[in-house]
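Before any comments, here is the structure.
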Ligand SMILES: Cc1ncc(COP(=O)(O)O)c(C=O)c1O
């Protein structure tokens, strides 16, 4: 999706963007929405940028920040645009293929808009995500097979049955991903238009990192920031197709056979937007890493680094159940409390 940036430069400035009741109103010039008053919103975005002094000192970084996208799902940014766009085109039935977060978000926005929502879940999804989808009233169909198989059904549902596709996957819907890039806008605006040196994103399908590189480039084209950050993509070692392509200097993404990770939200063995993600990393002179890697970033200790955090243990409680073993059970006596505390020290 492209805009007339020369025209935009004449009608907006740093002060006029970022104000409004909801995300679409705040950034309407950069989004494919005709009438921002008709936006379907659940007050998405506007998440805090938090300086992490303690974590920064452990890592030797003086200017480490977290963009906290866990407070409302970062998927909401894409979905508010996707569903508003669908209604603008006259659709009243929407569909997605997702293992959880995007589907939970689409279900919530569909409930708000009063439209039918069908969720195709490839394989398995965590119960906390399924619960959200069901509580918002969407229909779930669990598809035996991979994400690719579910995405093929999505195409059939759109072409033959009129269900509008809003997976947060750029090749299947290039409009909704425009909402994602507002993370980049907020990061720059929140630090008085000082762009970070590095921005770190988790990479699953590749859309979030691709979209935000686009967002930073747009601000640069408009002269709102005077340089571009380097973009760092992080994947799980058990499912790292973009990292592999980056390391092996490939021009293609190769699917990972037998992909496995507890980070189920980024378990995408053949990411549809993987090539665009790879391009964002390369163009920005960034790097791609997987989490067990010992590669050390050539980040200077004074560099301004922003880490975009998208997941929480609460979205997938099964993954953190081993922590329950840490809970001590004690008798209701002062002596038992003291004894247990003594052992902890
Ligand atoms: C919690 C979480 N983090 C990161 C990602 C990865 O985003 P993307 O698929 O845009 O690369 C997802 C995507 O599903 C997600 O749900």
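Residue numbers (the numbering used here): -17 to 327.
Backbone N, C-alpha and C define an ideal beta-carbon position, used for all residues, glycine too.
query                                                                                                                                                                                              : result
What three-state label does DSSP hand residue 161 in the structure shown?                                                                                                                          : helix
Assuming residue 198 contacts residue 184 (C-beta within less than 8 Å), just tell me the rounded distance between them.                                                                           : So it is not a contact: roughly 17 Å between Cβ atoms.
In whole angstroms, give me the CA-to-CA distance for residue 104 and residue 86.                                                                                                                  : 14 Å
What residues are listed by DSSP as bridge partners for residue 79?                                                                                                                                : 102
With a threshold of 7 Å, establish whether the CB of residue 29 neighbours any heavy atom of ligand 1.                                                                                             : no
Just to confirm before moving on: does the CB-CB distance between residue 117 and residue 79 stay below 8 Å?                                                                                       : no
Using a 10 Å radius around the Cβ and a threshold of 16 neighbouring Cβ atoms, would you call residue 209 buried or exposed?                                                                       : exposed
Could you compute how far the alpha carbon of residue 26 sits from the alpha carbon of residue 324?                                                                                                : 46 Å
Compare the C-beta of residue 192 against all C-beta atoms of chain D and say whether one is closer than 8 Å.                                                                                      : In the structure shown, chain D cannot be found, because there is only a single protein chain.
Roughly how far, in whole angstroms, is the beta-carbon of residue 22 from the beta-carbon of residue 65, given that I think they are within contact range, below 8 Å?                             : 5 Å
Pull up the distance between the alpha-carbon of residue 220 and that of residue 16, whole angstroms please.                                                                                       : 42 Å
Could you spell out where the alpha helix (DSSP H) holding residue 110 opens and where it closes?                                                                                                  : 109 to 117
Could you pull out every residue in the same chain whose Cβ sits closer than 7 Å to the Cβ of residue -6, ignoring the five residues on either side in sequence?                                   : 11
Which residues in the same chain have their Cβ closer than 6 Å to the Cβ of residue 98, if we skip the five residues on either side of it in sequence?                                             : 75
Count the other CB atoms, across all protein chains shown, that sit within 10 Å of the CB of residue 67; report buried if there are 16 or more and exposed otherwise.                              : buried
Apart from the five residues on each side of it in sequence, which residues of its chain come closer than 6 Å, Cβ to Cβ, to residue 56?                                                            : 292
Please go through the same chain and pick out, in chain order, the residues whose beta-carbon is closer than 7 Å to the beta-carbon of residue 300, but skip the five residues on each side of it. : 108
Within the same chain, show all residues whose beta-carbon is closer than 8 Å to that of residue 278, passing over the 5 residues directly before and after it, in chain order.                    : Per-residue confidence for residue 278 stands at a pLDDT of 49, beneath the threshold of 50, marking its modelled position as unreliable; the derived number appears in the next sentence. Result list for residue 278: empty, nothing under 8 Å.
Give the DSSP bridge partners of residue 123, in chain order.                                                                                                                                      : 102
Identify, in the order they occur along the chain, each residue of the same chain with its Cβ nearer than 6 Å to the Cβ of residue 187, setting aside the five sequence neighbours on each side.   : 151, 250, 253, 254 and 255
Quick check: the Cα distance between residue 275 and residue 218, rounded to an integer number of angstroms?                                                                                       : Low per-residue confidence applies at residue 275: pLDDT is 47, beneath 50, and the placement is therefore not dependable, though the value from the model is reported in the following sentence. Their Cα atoms are separated by approximately 10 Å.
Using a threshold of 8 Å, state whether the C-beta atoms of residue 147 and residue 77 are closer than that.                                                                                       : yes
Quick check: the Cα distance between residue 29 and residue 1, rounded to an integer number of angstroms?                                                                                          : 14 Å
Identify every residue that forms a DSSP beta bridge with residue 183.                                                                                                                             : 215
Select from 212, 171 and 157 the residue whose C-alpha is nearest the C-alpha of residue 201.                                                                                                      : 171
Would you mind sorting residue 315 into buried or exposed? The rule is 16 or more other CB atoms within 10 Å of its CB.                                                                            : exposed
Compute the distance between the beta-carbons of residue 49 and residue 288, then report whether it is under 8 Å.                                                                                  : yes
Grouping DSSP H, G and I as helix and E and B as strand, with all else coil, what is residue 34?                                                                                                   : coil
What's the gap between the Cα of residue 24 and the Cα of residue 322?                                                                                                                             : 45 Å
Provide the residue(s) that pair with residue 47 in DSSP beta bridges, ordered along the chain.                                                                                                    : 33 and 288
To the nearest angstrom, how far is the alpha carbon of residue 54 from that of residue 213?                                                                                                       : 23 Å
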